[in-house]
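Visitor: Taken in order, these protein sequences are the chains called A and B.
Numbering of the first sequence is given in our numbering, commencing with residue -15 and proceeding in unit increments.
Numbering of the second sequence is given in our numbering, commencing with residue -15 and proceeding in unit increments.
All C-beta atoms, glycine included, are put in the ideal place defined by N, C-alpha and C.
One structure, pasted below without further comment.
2 protein chains.
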Amino acid sequence: MVSSTIFESSDAVRSAKPLRYVQSLQLAEPLALEKGGTLPRVTVAYETYGRLSAARDNVILVCHAISGDSHVAKHDAADDPGWWDVVVGPGKAINTDRFFVICPNLLGGCRGTTGPCSENPETGKPYGRDFPTVTIGDMVAVQRRLLSQLGISQLLAVAGGSLGGHQALTWATRHPGSVRGVIALATSPRLTSQAIAFDVVGRNAILHDPHFHGGQYYDQPHGPDVGLALARMIGHITYLSPESMQEKFEADRLHPRDVAIEFEKKFSVGTYLGYQGAKFVERFDANSYVTLSLAMDLFDLGGTPEVLSAAFRPARARWLVISFTSDWLFPPDQSRDLVNALVANNAPVTYCNVQSAGGHDAFLLPDELDIYGEMIRAFLVNLPAGQVPAAGAHAGEAAASHSTTPFEAPPSANSLQPVPAAPGIVQPASAGFAEEHPGPTSIFHQHRLDYDRIVELIPPEASVLDLGCGSGTLLARLRQGNHRRLVGVELDERKILNCVSRGLDVIQEDLNKGLGAFGTQEFDYVILSQTLQAVFDVEGVLLEMLRVGRRCIVSIPNFGYRPLRRMLADDGRAPKSGGVLRYEWYNTPNIRFFTIADFEDFCLSKSLRVDRRIALDTEKHAEIFEEANLDADMAIFVISQNQPATRS
Amino acid sequence: MVSSTIFESSDAVRSAKPLRYVQSLQLAEPLALEKGGTLPRVTVAYETYGRLSAARDNVILVCHAISGDSHVAKHDAADDPGWWDVVVGPGKAINTDRFFVICPNLLGGCRGTTGPCSENPETGKPYGRDFPTVTIGDMVAVQRRLLSQLGISQLLAVAGGSLGGHQALTWATRHPGSVRGVIALATSPRLTSQAIAFDVVGRNAILHDPHFHGGQYYDQPHGPDVGLALARMIGHITYLSPESMQEKFEADRLHPRDVAIEFEKKFSVGTYLGYQGAKFVERFDANSYVTLSLAMDLFDLGGTPEVLSAAFRPARARWLVISFTSDWLFPPDQSRDLVNALVANNAPVTYCNVQSAGGHDAFLLPDELDIYGEMIRAFLVNLPAGQVPAAGAHAGEAAASHSTTPFEAPPSANSLQPVPAAPGIVQPASAGFAEEHPGPTSIFHQHRLDYDRIVELIPPEASVLDLGCGSGTLLARLRQGNHRRLVGVELDERKILNCVSRGLDVIQEDLNKGLGAFGTQEFDYVILSQTLQAVFDVEGVLLEMLRVGRRCIVSIPNFGYRPLRRMLADDGRAPKSGGVLRYEWYNTPNIRFFTIADFEDFCLSKSLRVDRRIALDTEKHAEIFEEANLDADMAIFVISQNQPATRS
């Protein structure tokens, strides 16, 4: 057997000892539950980090996942590790020098907040299985009352991953007036059937453990330790990606780790799981596991785009949605469903599916912090303080059953006293991206001349979707006008991060796969600049643009330009030039070869209307009016569907 | 609750009643086991289908997976369903009108063959946990003895999926002289760490069930029913793909099925799993589950390409390896590892990763039978009867510890008496593909003139790899010569099926992802005809070709052809012609635009040697010797690395 050094889990295994710094508070009123029943007395354990600003406008609520608790991060160097030390702390992505972070333990949990192991006032004994079914909505209701009793009426942001993400989504949809920004990581509108299936097996293992004693095992020598450990082992497998398991265990698969466990010790992965299961039993209550996993399984914002869109209609926050490519428990497509529903409501949202081998746990790991952590940092820095905009500021209409105003926050004995904020590191909203470095799709090395013309073509107050927006240079220029809505689409995650740093909304999407996130005629203008020649499905992309936008602006290089023609005609060589045409035939990103005339023929054959054509000789900085197909190296087209646009 | 009509599992849930048609036989000698110990008495239960031919050369051994048994298929209309009725039977892919099929229950199982529930002769009680650890090698040893006692010394083929595939691989590597063909479905050289992890949790559930009684539960009122059911539930999740679970359970996820089970009944997927678990307990022995899953977890042909290649060196069979895209328990990359190791040994192998939503269970389902079933059918029809070729017929050298000759088959009382074969449906080896229908990569509508020239360029006895081989037209023509080794690479699964029907070996591979399956300088010639213009990574593909082949033959369309130049120069339109150039600029599969001169420049700049160039005007059926870049519409190049090839 080899040493057990691999046993640093992302999900920090902590002792069951009471944590320092945990505060607690009793809710002023009994709590009526969504699925029926009332909890007469609810205690909430929570921890806070940083200082509340005088305006009480710097509060970030962090929501933990199923096995987490209020201990998000270390309070000082000597403190126990927190479950999100990589993200939360002084100078970190959620910068506690600047923000006031609060994290309560969940309703139904076992780390200080009322749950199945708490005393049932009716019997004087622990609730056990008499603890009622609670929902994510109930958990959020408890958090809201806690904040209210602490004198906090507005959240700058709510952030969470997995089950923590479910809470964040619930905050934004149920209490839209209270939340400015939502950071939803590795989460979903509801669990997949596969994820529910794993939870069901885990619960069956707990409930059929002979030491379960109908849930009243608290005065017994043993609880359902084996069942809880089995549930934890199953969970652990689902939190890791197959590739990360391979990396951890393949090399010495037959060499079990030297750990003192009762479980099978034949394979290295087996001893790892056995150890995780055994440690979990020391710090977690089986009834809480059943309660929380059931709440997660019951969470359901909707299974169709229509239902999901309706669910997000009340939301008025700004959104950052992040998934991880190797997460198979909460697959990225589920985050995409969330994003599509938000986009359908015109909500300001940025989405990125971060390349990662970390599986569902990736949001807890340091590996991709340079992307997801920096996105969180940039997103928070760009959130405007102050009141949440009124309902209807974007398309959202608050439903009657939802609270649309900041909740009442009567000063009370518990009320937190704000103190002057420490001088935090305030990063300017658009630091470092004044002008975009010319990328492979820039035709001009020094200056994107086409941008000047495109900006002129778009009237103020128009809504604009920029496809292949890069780091947001064009959108940032348009923002200086008075545009209604500016959204970018980009594939490269670093460019997306640059957009977030500029305070722009950008959705990660592969153009060749369509613009499924966007509704019909959702934008006044859709832009595709110097990119069509690098697109495989030209017709599909153009038709999608025309579906989504009333007018489309497409700028293209012209292979009919005289010098390019000559290269083929006279030299017998594939045309090549500067800018986007600077590559060799065998390594160019450009895979479509066409002329201005070809593009016009295409529009004619597909019954597309060319509203405007601007042909340019960019070398001479001249617009070409005659013989464009010969004398222009570039053209900008404004096209639309042949039937008159509903709004011009 | 809704009706339980969804409960037809692919893994047919059968009663525990003894099956009709099961025969059994006691091995003549005690069985010494690989991991130590001896089983003094081994009984084998088996079933047979079809008739043994007079030459005893039509035997197909079918190997079952962990929860299967000898009942592969119905013996008659009134019989119970078999687990592979979709594949095995009269007129089916494994055609029992033609082949003699035998399927024994596994050593360690609980359906008639000796296992933990069998009587231990030393104690007169069931073995229980005293049953020794058995390996896949032990299972195969039992099968081999069974066949020997039945008078069968040669297998035409061995076929199996999952754990059944592990047995097939073991047959081919340990007993290469006894197997002509191997059909390995949804299998792997060893389990992933993730798959082992699920097995470990299942075994922990069984072994920690308080009714396990140290494995001696046979005289107790209850066995470890909950533990076994939990293990089965976990297994079931891993057999299904996430998409198939979504399809089965998403629509009514909160509506549990109306089934009488002790397990949680809150979600439809939960009742499904509970039902599967409860039914499994009725027909399966927990000790057998532990024994068989451990044998599977211990199976290990190697974790690196080097070790795997060595493991396959003795093999002399022809191979059909099939994986399924949505199988995450035995991921397709593992089949690819198998295939790469076979290719490294010059083994004749066809590989296809069948597009499927069926998950690991796909090989048991009717959905993709038109692909995988027909591949099995075509593969078997093209297997030559008679003795397995001697060692070294391809690169394999049999290791000393392996049996390399057909095993002894002394006539005995058990010996099967062959009967005249029924007139089977004999499909001609190359039915239906006399000449390939021109596909999108055919330059000529009627006849591939370039093939004539390519065939002339390749000397007899050369080994040839044809990239983008389509349905195998060129390879079939080359086969009429006396070539050493002919292999195709193709992406389209129907074209691969056509190749298999022609008796050709073809590997599914995306050219843009490289030729990782093939070793350096493995072929005399590598061919890429009329495809380079449709490849994104031109340089990568050409360098891979030159790594794998001593000489490469590349045929290309010439965009420098005078009429094409004129289209751009005079008409200002993207060039377009017939054949491979018949598409519009916006929908052509061709994404690389270059001339003969461009290609020659490329070769020069990369220090590639052009050994031969044939330029053709295919409209005039003429070879062009002057001004090829102007007057030829096509060219064929023979290129090689600039250092002289080791063998010319």
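1) Does any C-beta atom of chain A lie closer than 7 Å to the C-beta of B/E392?
2) Quick one: what's got a C-beta closer than 6 Å to B/L499's C-beta in the same chain, skipping five residues either side?
3) Based on Cα-Cα distance, which residue from B/S51, B/E506 and B/L441 lies nearest to B/H220?
4) Would you report the Cα separation of B/A179 and B/N271, rounded to the nearest angstrom?
5) Beta-carbon of B/S340 versus every beta-carbon of chain A: anything under 7 Å?
6) Cutting at 6 Å between CB atoms, please list the residues of its own chain near B/V439, excluding the five before and the five after it.
7) Could you compute how far the alpha carbon of B/A61 sits from the alpha carbon of B/V85?
8) For B/S513 and B/F586, what's the separation of their Cα atoms in angstroms?
9) Please classify B/A558: does DSSP put it in a helix, a strand, or coil?
10) Going by beta-carbon coordinates alone, are B/P635 and A/P194 separated by less than 7 Å?
11) Please state the DSSP three-state secondary structure of A/K58.
12) Using a C-beta to C-beta distance shorter than 8 Å, which residues of chain A count as neighbours of B/I666?
13) A/T288 to A/G96, Cα distance in whole Å?
14) Residues of chain B with CB closer than 9 Å to the CB of A/Q230, please, in chain order.
15) Quickly, what does DSSP pair A/K263 with across the bridge? List them, please.
16) 7 Å is my cut-off, CB to CB: does A/L214 come that close to chain B?
17) Report, in whole angstroms, the separation of the C-beta atoms of B/A279 and B/S310, which I expect to be a contact under 8 Å.
18) Specify the secondary structure class of B/D642 as computed by DSSP and reduced to three states.
19) Starting from the C-beta of B/V338, find all residues in its chain whose C-beta is less than 8 Å away, skip the five residues before and the five after it, and write them out in chain order.
20) Sort B/D489, B/G254, B/K249 and B/G454 by Cα distance to B/L367 and report the nearest one.
21) Using CA coordinates, which residue listed in A/I218, A/Y33, A/E227 and A/V253 is at the minimum distance from A/S54?
22) Sort B/D554, B/L364, B/S132 and B/W68 by Cα distance to A/G544 and report the nearest one.
23) Helix, strand or coil: which one does DSSP assign to B/W303?
24) What separation, rounded to the nearest whole angstrom, lies between the Cα atoms of A/A49 and A/H150?
25) Which residues in chain B sit within 7 Å of A/I120, going by Cβ to Cβ distance?
26) Kindly confirm or deny that the region 140 to 154 of chain A and the region 167 to 176 of chain A touch, where touching means at least three C-beta pairs closer than 8 Å.
27) Give the list of continuous beta strand (DSSP E) stretches no shorter than 3 residues that lie fully inside the region 583 to 618 of chain A.
28) Rounded to whole angstroms, how far is the Cβ of B/A325 from the Cβ of B/W303, which I believe are closer than 8 Å?
29) Please confirm if A/I218 has its CB atom under 7 Å from at least one CB of chain B.
30) Pull up the distance between the alpha-carbon of B/Q260 and that of B/R216, whole angstroms please.
31) Can you check whether the C-beta of A/S624 is within less than 7 Å of a C-beta belonging to chain B?
32) Taking 6 Å as the limit between beta carbons, can you name the residues of its chain near B/G66, skipping five residues before and five after?
33) Determine the DSSP secondary structure at A/I113, reduced to helix, strand or coil.
34) Counting contacts by CB-CB distance shorter than 7 Å, is A/A599 in contact with chain B?
35) What do you get for B/H421, buried or exposed, if any count of 16 or more other CB atoms within 10 angstroms of its CB means buried?
36) Is the CB of A/K249 under 7 Å away from at least one CB in chain B?
Guide: Working from what's here:
1) Interpretation of B/E392 is limited by its pLDDT of 46, a score under 50 that renders its predicted location unreliable; the figure taken from the coordinates is listed afterwards. It does not: the Cβ of B/E392 has no partner Cβ on chain A nearer than 7 Å.
2) E528 and V532
3) B/S51
4) 19 Å
5) no
6) R461
7) 18 Å
8) 18 Å
9) coil
10) As displayed, chain B neither begins before -15 nor continues past 632, which places residue 635 of chain B out of reach and without an answer.
11) coil
12) The structure shown does not extend to residue 666 of chain B, since chain B spans only -15 to 632, so no value can be given for it.
13) 37 Å
14) Listed by position along chain B, the residues whose Cβ is nearer than 9 Å to that of A/Q230 are T176, S177 and Q178.
15) DSSP, once it has assigned bridges, lists no residue as partnering A/K263.
16) By the rule that beta-carbons nearer than 7 Å mark a contact, A/L214 touches chain B.
17) Not quite, the Cβ-Cβ distance comes to about 26 Å (not below 8 Å), so this is no contact.
18) Outside the displayed range of chain B (-15 to 632) lies residue 642 of chain B, so it cannot be described from this structure.
19) I306, S307, F308, T309, A346, E352, I355, Y356 and E477
20) B/D489
21) A/Y33
22) Selected option, being the one with the closest Cα: B/D554.
23) strand
24) 9 Å
25) Result: empty, since nearest Cβ-Cβ is about 15 Å, beyond 7 Å.
26) yes
27) Counting whole runs of 3 or more residues, the region 583 to 618 of chain A contains the beta strand (DSSP E) stretches 592 to 601 and 606 to 608.
28) Between B/W303 and B/A325 the Cβ distance is about 11 Å, and since that is not below 8 Å, they are no contact.
29) The beta carbon of A/I218 sits closer than 7 Å to some beta carbon of chain B.
30) 7 Å
31) For A/S624, the closest Cβ of chain B is not nearer than 7 Å.
32) Scanning its chain for C-beta atoms nearer than 6 Å, with the 5 sequence neighbours on each side dropped, one finds around B/G66 the residues H55, V56, A57 and K58, in chain order.
33) The sequence shown places Arg at residue 113 of chain A, not Ile. Helix, per DSSP.
34) no
35) Because the pLDDT of B/H421 is 43, which lies under 50, any placement of that residue in the model is unreliable, and the number read from its coordinates should be weighed accordingly. Exposed: under 16 other Cβ atoms inside 10 Å.
36) no
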